[in-house]
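There are 2 protein chains.
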Amino acid sequence: MGSKKILLVEDDPNFGVVLKDYLALNDYNVTHAKDGIEGLIMFKNNDFDLCILDVMMPRKDGFSLAQDIRGTNKEIPIIFLTAKTMKEDVLKGYQVGADDYLNKPFDSEVLLLKIKAILQRKETESAQDSEQFEFAIGNFSFNSKLRHLSIRNEEPQKLSPKESKLLRMLALYKNDLMPRELALTKIWRDDNYFTSRSMDVYIAKLRKYLKADEGVEILNIHGEGFRLVDKS
Amino acid sequence: MGSKKILLVEDDPNFGVVLKDYLALNDYNVTHAKDGIEGLIMFKNNDFDLCILDVMMPRKDGFSLAQDIRGTNKEIPIIFLTAKTMKEDVLKGYQVGADDYLNKPFDSEVLLLKIKAILQRKETESAQDSEQFEFAIGNFSFNSKLRHLSIRNEEPQKLSPKESKLLRMLALYKNDLMPRELALTKIWRDDNYFTSRSMDVYIAKLRKYLKADEGVEILNIHGEGFRLVDKS
DNA sequence: TGTGTTTTTAAGTAATTTTTAAGAAAAAAA
DNA sequence: TTTTTTTCTTAAAAATTACTTAAAAACACA
Numbered sequence: 013m014g015s016k017k018i019l020l021v022e023d024d025p026n027f028g029v030v031l032k033d034y035l036a037l038n039d040y041n042v043t044h045a046k047d048g049i050e051g052l053i054m055f056k057n058n059d060f061d062l063c064i065l066d067v068m069m070p071r072k073d074g075f076s077l078a079q080d081i082r083g084t085n086k087e088i089p090i091i092f093l094t095a096k097t098m099k100e101d102v103l104k105g106y107q108v109g110a111d112d113y114l115n116k117p118f119d120s121e122v123l124l125l126k127i128k129a130i131l132q133r134k135e136t137e138s139a140q141d142s143e144q145f146e147f148a149i150g151n152f153s154f155n156s157k158l159r160h161l162s163i164r165n166e167e168p169q170k171l172s173p174k175e176s177k178l179l180r181m182l183a184l185y186k187n188d189l190m191p192r193e194l195a196l197t198k199i200w201r202d203d204n205y206f207t208s209r210s211m212d213v214y215i216a217k218l219r220k221y222l223k224a225d226e227g228v229e230i231l232n233i234h235g236e237g238f239r240l241v242d243k244s
Numbered sequence: 013m014g015s016k017k018i019l020l021v022e023d024d025p026n027f028g029v030v031l032k033d034y035l036a037l038n039d040y041n042v043t044h045a046k047d048g049i050e051g052l053i054m055f056k057n058n059d060f061d062l063c064i065l066d067v068m069m070p071r072k073d074g075f076s077l078a079q080d081i082r083g084t085n086k087e088i089p090i091i092f093l094t095a096k097t098m099k100e101d102v103l104k105g106y107q108v109g110a111d112d113y114l115n116k117p118f119d120s121e122v123l124l125l126k127i128k129a130i131l132q133r134k135e136t137e138s139a140q141d142s143e144q145f146e147f148a149i150g151n152f153s154f155n156s157k158l159r160h161l162s163i164r165n166e167e168p169q170k171l172s173p174k175e176s177k178l179l180r181m182l183a184l185y186k187n188d189l190m191p192r193e194l195a196l197t198k199i200w201r202d203d204n205y206f207t208s209r210s211m212d213v214y215i216a217k218l219r220k221y222l223k224a225d226e227g228v229e230i231l232n233i234h235g236e237g238f239r240l241v242d243k244s
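Those protein sequences? They're chains A and B, same order as listed. Here my numbering is used: the first residue of the first sequence is 13, the next is one more, and so on. Here my numbering is used: the first residue of the second sequence is 13, the next is one more, and so on.
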C-alpha cells in the first residue's frame, strides 16, 4: 500500500535526526520539521498520514501546532511527545484531539507499536465508514443502498440516487458539520455555481422528507455547509 | 426464516436484562450469559447466529471468550461492547476478528441496525458464489439447474438458460439489491447499452412468470439494479 | 436443411432523476 | 443602514434510465 507518510516536529536536532532515521528504517516516509512554524508549513504542503509533535518547542509549541493542524484536518492522528509525566500536558493533549502521547524518554519500540496501532485503527475506521449503508436518524431508519427512508412500520420513502448519497454523507457527519465542498466534490464531482444550486435543491427535498420527525432537521451553516441534527 | 439466535454475554445484570428484552422485542431469540465462562458453555451447547460480548467481565473477559469461540467457529459474527474511550480495546477486538464494536453507552437503534446489517451480509456472502440451485421464492420453488419454476402441484414453467441464470442471481440477493452491472458482467459477459436493453427484456419476462404470486415482485432501483422482494 | 427455441435489436413510450432558472429571504460585509 | 453574498423555494426544462412490444438474428438439434 506504499509507505505511510509521517510528519515529525522536534526541535532537538540530535534526537530528531535519530528518531527520523529509526522510523525510516522501519519503512515510514518521515519528514522532519525543526519547530512548530516550519511544521505547519510542511503540513500544509504535503499529505501526511500521521503527525508526531514534540510539545515543548520554541516559536510555536506542539499544542498550538496541533490546533492549527486540526483546523485543516480533523481526522489525522496526532501523537505528542511530552517531557516527563506532565499531567496537564496529557490533559491538554487530549483536548486538542491527541490520539496518543509518550513521555520522554520513551521506548522506541513502544512508539512503533503505537504508530502501527493507530494507523491500522484509522484504516478500519475509514473502511467502516465507506461501507456503512444503514443509519439511524431520529425515528427514521435509512438504508442508502436500497435508498429507503423508513419510519416505524410505514411504507418507506424512496429516494433518488443523489438524494440518497447526500443524506448518507450528512448521516456520516451526524450532528457535525458536513462541508458543502465535500458533498460537491464527492457526489457532484465538481464544485461550481450550478452544482451548488443543485445541491440546495436536494437539501430542500431532504428537508421535506425529514419533516416527519420533529427531532430531526438539516441546518445551514452559512458559508460552510450543513449539519444534520438529531435530538433523540 | 425463523428468528436469529443471539448469544449475549454481559455481567451487569440490569443492563443485560434490559438489552436482552430489547432484542427479544425486535424478534431475536436471545440467550443471556452472565460471564465469559457461562458464555462459553452456552456457546458450545447451542447453535447461535451472532454473539454480543461485553469486554470487561469477571472470570473471563470478552476477548478471551472471543478467542475460544473462534476456536470452534471461525465464521460466527461477534460484536464487542467496550467502555467508552478504550481505543486499545477496539484494536485488540479486530485482531480477534470482531465484526463490529460499540462504545458504551450506545444507541440501541444503532445496535439493531448493525446486527441486521451483519446478519444480512453473512447471508449474502455465503450465498454469493454458492452452488445453490434450489430456491424458495414466495409460493414458487425454483430449480435453476432444471430451469423449472413451479408453484404448488402445477406443471412447472420452463425457463430459458438466460431467464434461469438471471432469476437465480436475483434469488441469491433476495430482498436486497442485485446490481445491474453484476448480472451483465456475470451472465452477459459484457456491460454495454445493448446487453443492458437485453436484460430489461428478460426482467420483463420474469415479471410475467412471477405474476402468479402476488407476494413476489421484481422492483427496479433506478440506476442501480433490481430487487426481488418476497413478502412471505 | 428446416423447425422450434432463444437471444438480440429496435423503436416508441413512460417514468424517474437532475439541472437550470428566477424571485424571495436571510445572513454577512461594507 | 445599504450592499453584497449566500441560501431557500418552486417550477419547468433537459437528460437519463426503464418498460413494452415486436420483429430480426442467432442458435440448437433432428
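All C-beta atoms in this analysis are idealised placements derived from N, C-alpha and C, irrespective of residue type, glycine included.
Integer Cβ distance of residue i from residue j, believed to fall under 8 Å
i               : j               : result
L93 of chain A  : V67 of chain A  : 7 Å
P191 of chain A : G237 of chain A : 4 Å
Y59 of chain A  : K17 of chain A  : Note on residue identity: the sequence assigns Asp, not Tyr, to residue 59 of chain A. Indeed they touch by this definition, with Cβ atoms about 7 Å apart.
F187 of chain B : R219 of chain B : The sequence given here has Asn at residue 187 of chain B, not Phe. Not confirmed; about 17 Å, so no contact.
L19 of chain B  : M69 of chain B  : 13 Å between Cβ atoms; not a contact.
V21 of chain A  : L62 of chain A  : Wrong, their Cβ atoms sit about 12 Å apart, outside the cutoff.
N225 of chain B : I163 of chain B : Asn is not the amino acid found at residue 225 of chain B; the sequence shown has Asp there. Confirmed, Cβ separation roughly 7 Å.
N155 of chain B : E166 of chain B : Not quite, the Cβ-Cβ distance comes to about 14 Å (not below 8 Å), so this is no contact.
D39 of chain A  : G150 of chain A : Incorrect: roughly 46 Å between the Cβ atoms, too far for contact.
Y205 of chain A : L161 of chain A : 29 Å between Cβ atoms; not a contact.
D119 of chain B : A148 of chain A : 6 Å
Continuous alpha helix (DSSP H) stretch holding residue i: start and end
i              : result
I81 of chain B : G74 to T84
E50 of chain B : G48 to N57
Chain-ordered chain A contacts of residue i [CB-CB under 8 Å]
i               : result
K256 of chain B : Past the edges of chain B, shown from 13 to 244, lies residue 256 of chain B, and the structure says nothing about it.
E5 of chain B   : The first residue shown for chain B is 13 and the last is 244, placing residue 5 of chain B beyond what the model contains.
L125 of chain B : E146, F147, A148 and S153
Proximal residues of chain B, C-beta to C-beta of residue i below 7 Å
i               : result
R159 of chain A : I233
Limits of the beta strand (DSSP E) - the one that residue i falls within
i               : result
D242 of chain B : G237 to D242
E167 of chain A : First-last for E167 of chain A: undefined, no H or E at that position.
E22 of chain A  : No beta strand (DSSP E) contains E22 of chain A, which DSSP labels as neither H nor E.
E146 of chain B : E146 to I149
E229 of chain A : V228 to I233
L65 of chain B  : L62 to D66
L194 of chain A : Element bounds for L194 of chain A: not the beta strand (DSSP E) but the alpha helix (DSSP H), R192 to A195.
N155 of chain B : F152 to N155
L93 of chain A  : I90 to A95
Contact list for residue i against chain A, beta-carbon separation under 7 Å
i               : result
L189 of chain B : K157 and L158
DSSP beta-bridge partners of residue i
i               : result
K220 of chain B : K220 of chain B is not bridged to any residue.
K17 of chain B  : B:N41
N115 of chain A : A:T94
L189 of chain A : A:R239
L161 of chain A : A:F154 and A:Q169
Where residue i meets chain B, residues with beta-carbon distance less than 9 Å
i               : result
S162 of chain A : Ordered by position in chain B, no residue passes the 9 Å Cβ test against S162 of chain A, which lies about 12 Å from the chain.
Neighbouring residues, chain B, relative to residue i (Cβ below 8 Å)
i               : result
P173 of chain A : H234, G235 and E236
Members of the stretch 182-215 of chain B that neighbour chain A once the beta carbon cut-off is set at 7 Å
L189
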